[in-house]
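These notes are about the structure you will find just below.
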Amino acid sequence: MPHSYNSRQPCPYRCAGQCPDCRRLLSPSTREQVTTLNCDDCNHDFKVYGPVSLIRGPQYHPGCPERERVWRLFYQREQKEREKKEREKKEREKRESERRERAIKEERAKADRERRDEEREKEDRENKRREEETRKREQMERRSERRR
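Counting in UniProt numbering, the sequence shown runs from 1 upward without gaps.
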């Protein structure tokens, strides 16, 4: 019997080993293991092939409309969680890149400030030296004028 669901999604009956197509995928030791469950929706008894540990969530007999609805909700929830994780990852990456860019800008600004400070100090030293030379020259000129 072929699968009646979208082949890109995992078989919803696989987890409890109820799908006749997937039953062959169970290991030989668990294939023969049978558990009888009671449908949570219509109280119908049905058999589950495979260990009970593989059974997740509420159980409905194969073909039960409630089962299809529950699995659809399950897949929708999984899809939303995946999309949410992807969104959070993108936001985290965006914040990280913004933080790196800010750090680079701050580093450049700091380097520019240091360079300007060094240039200003150099100009100040140069101006001081010139003033000192001018003052010495003027003193020498005054001394020479006094001697005359």
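Glycine included, each C-beta is placed from N, C-alpha and C at the ideal position. None of these values were measured; they are calculated from a predicted model.
Distance, residue j Cα to residue i Cα
i	j	result
D124	K89	52 Å
R87	K80	10 Å
V70	E78	12 Å
R108	R102	10 Å
E106	E98	12 Å
Proximity test, residue i beta-carbon vs the ligand ATP heavy atom, cut-off 6 Å
i	result
R87	You won't find the ligand ATP in this model; it holds no ligand whatsoever.
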